[in-house]
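What follows is a short report on a single structure.
Numbering (my numbering), first residue to last: 14 to 208.
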């Protein structure tokens, strides 16, 4: 068989196109979410074992999604309790708060009950929600605490960085804070939401 230059060129071109398709099809790390970007939609199991869906809130309320490292730890407790204490003010600004961590649902229930938290806590045990938002993570762990007079082990699959996002009613990120002061986060969010 003779070597046909047109045939060889077509094969080379097809090979290049196929390799470009394979490269573009590989899973890549998501870019960090920026202000103005559409927020990712996500689902997770909450502290009560129920399925929580962001689509139930996006387009209806301002959605405050705050990531925190670990339930029942100092800074995370201050942050959660501030959101708890400001719940009525946040509701008056048409906002809903949800906390997201790598904790298992059972640990989130302990956290909620211990501090009478009045908003949902979501288990992002494998870090998929944090990854979708571009939040840095490190390995999880186990901490020991006392709940109702008994020792409990709180396990988390990942430890997310403390970042807070505000998602507007249009489904886009309106604010992103990567330098969160745990105790002041709720007050900062309320200032950003305006009067």
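Using N, Cα and C, we set each Cβ at its ideal position, and we do this for glycine too.
**Report entry** Whether residue 135 touches residue 125 by CB criterion (8 Å)
**Finding:** no
**Report entry** Spatial neighbours of residue 116 in its chain, beta-carbon cut-off 8 Å, leaving aside the 5 residues before and after
**Finding:** 83, 84, 124, 134, 136, 138, 167, 168 and 169
Report task. For the beta strand (DSSP E) containing residue 171, list its first residue and its last residue. Result -> 163-173
Query raised in the report: Roughly how many whole angstroms lie between the Cα atoms of residue 46 and residue 147?
Result: The alpha-carbon atoms of residue 46 and residue 147 are separated by roughly 6 Å.
Requested in this report: Could you check if residue 161 is buried or exposed, using at least 16 other CB atoms within 10 Å of its CB as the buried criterion?
Outcome: exposed
Report task. If I'm right that residue 122 touches residue 60 with Cβ under 8 Å, what's the distance once you round it to whole angstroms? Result -> 5 Å
Query - Spatial neighbours of residue 184 in its chain, beta-carbon cut-off 8 Å, leaving aside the 5 residues before and after - result: 51, 52, 71 and 72
Query - Nearest residue (CA-CA) to residue 165, options 130, 199, 155 and 102 - result: 155
**Report entry** Closest residue to residue 140 among 87, 56 and 49 (Cα-Cα distance)
**Finding:** When C-alpha distances from residue 140 are compared across 87, 56 and 49, the shortest belongs to 56.
Report task. Could you check what DSSP says for residue 64 in three-state terms: helix, strand or coil? Result -> strand
Query raised in the report: Which residues in the same chain have their Cβ closer than 7 Å to the Cβ of residue 193, if we skip the five residues on either side of it in sequence?
Result: 175, 176 and 177
Query raised in the report: According to DSSP, what are the bridge partners of residue 136?
Result: Its beta-bridge partners are 58 and 114.
Report task. Please classify residue 191: is it buried, with 16 or more other beta-carbons within 10 angstroms of its beta-carbon, or exposed? Result -> exposed
Query raised in the report: What did DSSP end up calling residue 108 once you bin it into helix, strand or coil?
Result: Collapsing the DSSP output to three states places residue 108 in a strand.
Requested in this report: Would you decide whether residue 63 is buried or exposed? Buried here means 16 or more other CB atoms lie within 10 Å of its CB.
Outcome: exposed
Query raised in the report: For residue 199, which option in 49, 68, 80 and 58 has the closest C-alpha, if you only look at C-alpha atoms?
Result: 80
Query raised in the report: In whole angstroms, what is the alpha-carbon distance linking residue 195 and residue 96?
Result: Computed Cα separation, rounded: 10 Å.
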